[in-house]
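In this text, residue positions in the sequence shown follow numbering that gives the first Met the number 0: the first is 0, and each later residue adds one. Each residue gets a CB set at the ideal place from its N, CA and C atoms; glycine is no exception. Note that the structure is a prediction, hence the values are computed from the model and not measured. For reference, the structure discussed in these notes is given below.
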Amino acid sequence: MQSGIEMKLVIGLNRVIQALNRKQNDFVSKYGLTLPQFGVLEALYFKGPMCVNDIIEKTLSTSGNMTVVIENLRKDEFVKKEKDIFDRRKFVISLTYKGKMLIEEIFDKHAENTVEFFDDMKKNEKQELLALLLKLRSEK
């Protein structure tokens, strides 16, 4: 069994993701949200009303906790859940006025928080990293 550079890359990528998630979680928690809840609000704001499966796809989530995430957002009156008029077996999730106001209040601040994460990198380094990540993803 070899544990070369590939294992170091996996560990390094995981640590970067953990650090970014921690930074983003710390930010959204100031607004009483979890990162998955923020992702749902963001997706609904930019993409409009969606069924649960579409939200899962757009937020890169799994179905495991999405029902709970949406239900908690509904209880807090950030989203509403209505039967799909075309397929009564499905529900469409949409932002309420309260949810729209919240995401509009925090989205730009969230973007700034994310930019800060990459402050130590020069623009060309960010572009190079992005190109390498896209190459890695496209080969699978």
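- Excluding sequence positions up to five before and after residue 19, its CB lies within less than 7 Å of the CB of 116, all in the same chain and listed in chain order.
- Counting along the chain, no beta strand (DSSP E) covers residue 106; the unbroken alpha helix (DSSP H) around it starts and ends at 96–116.
- With contacts defined as CB atoms closer than 8 Å, residue 23 and residue 34 qualify as a contacting pair.
- The C-beta distance from residue 102 to residue 44 rounds to 5 Å, short enough to meet the 8 Å contact threshold.
- A straight line joining the alpha-carbon of residue 133 with that of residue 126 spans about 11 Å.
- The C-alpha of residue 14 is placed about 10 Å away from the C-alpha of residue 7.
- Counting of Cβ neighbours within 10 angstroms places residue 65 among the buried residues, the total reaching 16 or more.
- Contact between residue 39 and residue 72 holds: CB atoms are separated by about 6 Å, below the 8 Å threshold.
- Shown here for residue 30: same chain residues with a beta carbon closer than 6 Å to its own, the five before and five after excluded, namely 105 in chain order.
- The residue among 27, 114 and 94 with its C-alpha nearest the C-alpha of residue 77 is 94.
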